[in-house]
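The structure under discussion appears below in the form of structure tokens.
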Amino acid sequence: MKENRSDTICHAIISMNIKEQYGRKVNLFNINITLPISFCIDNVSIVLYRQKLTFHAFRTKNQVCREVPLGSTEKYLNYYLGGGRSNVYVNKFSLGLSRLTPPAGVQNVLTINELDNRWSNFRKILPTINPDSFPLKMFTSELSDKIDLDHSIVYSSRKLVLSMNKTSTDALLLRLARLPNKDILLDCTFWKHDEIAYIIKYWIENQKTIGTKYSFLFPLYICVPTLYKLWQEFNNTSSQEVDDRSFSSFTIPINSRSKIHVHGVDQPTRLVVEVVPTTESI
1 MKENRSDTIC HAIISMNIKE QYGRKVNLFN INITLPISFC IDNVSIVLYR QKLTFHAFRT
61 KNQVCREVPL GSTEKYLNYY LGGGRSNVYV NKFSLGLSRL TPPAGVQNVL TINELDNRWS
121 NFRKILPTIN PDSFPLKMFT SELSDKIDLD HSIVYSSRKL VLSMNKTSTD ALLLRLARLP
181 NKDILLDCTF WKHDEIAYII KYWIENQKTI GTKYSFLFPL YICVPTLYKL WQEFNNTSSQ
241 EVDDRSFSSF TIPINSRSKI HVHGVDQPTR LVVEVVPTTE SI
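Laid out in structure tokens, this is it:
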């Protein structure tokens with residue numbers, strides 16, 4: 001069974017004596033710049049930028065900074081992803097704008113519950129993770145053409161959290177609708193009802209599996225009109241059930257065995273689209 005433990009990283013850095021090798025320069029709009037590299041182990045964030053290495057414990061004032069030679073520090077990753085230890089228990093391991101590749105000698109060291117992979121290539125970090133960590137309790141990522149989510153650790157994750165705060169494409173929506181995960185939370189503030197309608201139509205045409213649930217995080221002022229627009233669209237076709245209480249929920253039949261239940265939920269405010277048995281009342 002996996003443990004939940006946070007190592008006291010801020011104190012460990014004081015006595016460290018490691019030869020650093022690191023640096024990630026990019027060409028952005030024809031300008032050569034150095035971007036920060038960051039990752040997080042439980043409640044401690046580690047940010048590598050230019051000549052400064054910063055460790056910060058969340059929700060506290062505990063912070064340690066260390067000056068390092070410009071363009072060098074990869075071995076810090078080696079230290080925090082094992083450093084000779086056979087196993088390190090971490091509840092949540094997060095990668096920010098990171099393209100760090102773990103040293104070849106660090107294999108199967110991290111036993112984790114959650115992997116946060118925003119804007120990073122999680123495949124590079126997989127050799128570091130103990131196979132006993134899978135299936136993950138949660139996998140978090142950006143929904144983007146640049147991140148390939150076609151992987152067993154994504155599909156097997158008990159909960160999948162995806163963020164997408166920009167205009168969607170049909171290709172991205174199709175990838176999303178096809179995901180086999182049963183429980184997906186989507187942070188998509190700038191989406192309109194069209195994107196959700198696309199997913200619903202795909203589920204109807206392909207008879208999505210009972211138990212699938214997508215939750216779309218929206219502010220209340222967006223959630224209510226979006227729910228109403230969806231009701232208007234599908235009420236004109238195949239919707240058969242409507243909750244008269246301000247259209248708080250409705251269902252759309254898929255076949256004789258299943259239907260799609262669309263409804264709003266508070267705390268946090270979200271629009272839920274899920275496939276339920278036809279026998280389930282709303």
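Following full-length UniProt numbering, the numbering of the sequence shown begins with 1 at its first residue and continues without gaps.
Cβ coordinates follow ideal geometry from the N, Cα and C atoms, glycine included.
Residue state for asparagine 113 is assigned as strand, using DSSP reduced to three classes.
With three or more CB-CB distances shorter than 8 Å, the segment 140-147 counts as touching the segment 108-121. Serine 94: member of the beta strand (DSSP E) spanning 88-95, first to last residue. Bridge partners of glycine 211 according to DSSP: none are assigned. Counting only residues of its own chain and dropping the five nearest sequence neighbours on each side, alanine 171 has a CB closer than 8 Å to the CB of Asp145. According to the DSSP assignment, leucine 126 belongs to no beta strand (DSSP E), since it is labelled neither H nor E.
With contacts defined as CB atoms closer than 8 Å, aspartate 183 and lysine 208 fail to qualify as a contacting pair.
Cβ-Cβ separation between threonine 251 and isoleucine 282: approximately 6 Å, consistent with a contact (criterion under 8 Å).
Of all C-beta pairs linking the segment 186-194 to the segment 147-158, fewer than three are shorter than 8 Å, placing the two stretches out of contact.
Beta bridge pairing from DSSP links valine 273 with Tyr214, Val262.
When secondary structure is reduced to three states using DSSP, threonine 251 falls in the strand class. Counting only residues of its own chain and dropping the five nearest sequence neighbours on each side, tyrosine 202 has a CB closer than 6 Å to the CB of Ala177. With fewer than 16 other beta carbons inside 10 angstroms of its own, histidine 151 counts as exposed. Here glycine 264 has Cys223, Val224, Leu227, Ser248, Ser249, Arg270, Leu271, Val272 as same chain residues with Cβ atoms under 8 Å from its own Cβ, once five neighbours each way along the sequence are excluded.
If you check the CB distance, leucine 110 and phenylalanine 93 come in under 8 Å. Inclusion of isoleucine 210 and serine 258 in the CB contact set at 8 Å is warranted, their separation being smaller than that value.
Here phenylalanine 190 carries a coil assignment [DSSP, helix/strand/coil].
Phenylalanine 234 carries a helical assignment under DSSP once its states are collapsed to helix, strand and coil.
Annotation: the continuous beta strand (DSSP E) that includes leucine 162 extends over 160-163.
The C-beta separation of isoleucine 129 from isoleucine 112 comes to about 6 Å, placing the pair in contact by the 8 Å criterion. Residue pairing by DSSP places leucine 185 opposite Val161, Ser215 in a beta bridge. Within the same chain, Cβ atoms closer than 7 Å to the Cβ of leucine 173 are found at Glu195, Tyr198, Ile199, the five residues on either side in sequence being excluded.
In this structure, the CA atom of threonine 212 is about 15 Å from the CA atom of glutamate 205. Between the alpha carbons of aspartate 132 and glutamine 232 lies a gap of roughly 47 Å. Cα atoms of phenylalanine 218 and serine 256: separation of roughly 31 Å, rounded to the nearest angstrom.
Inter-residue distance for leucine 162 and threonine 279 is about 30 Å (C-alpha atoms, whole angstroms).
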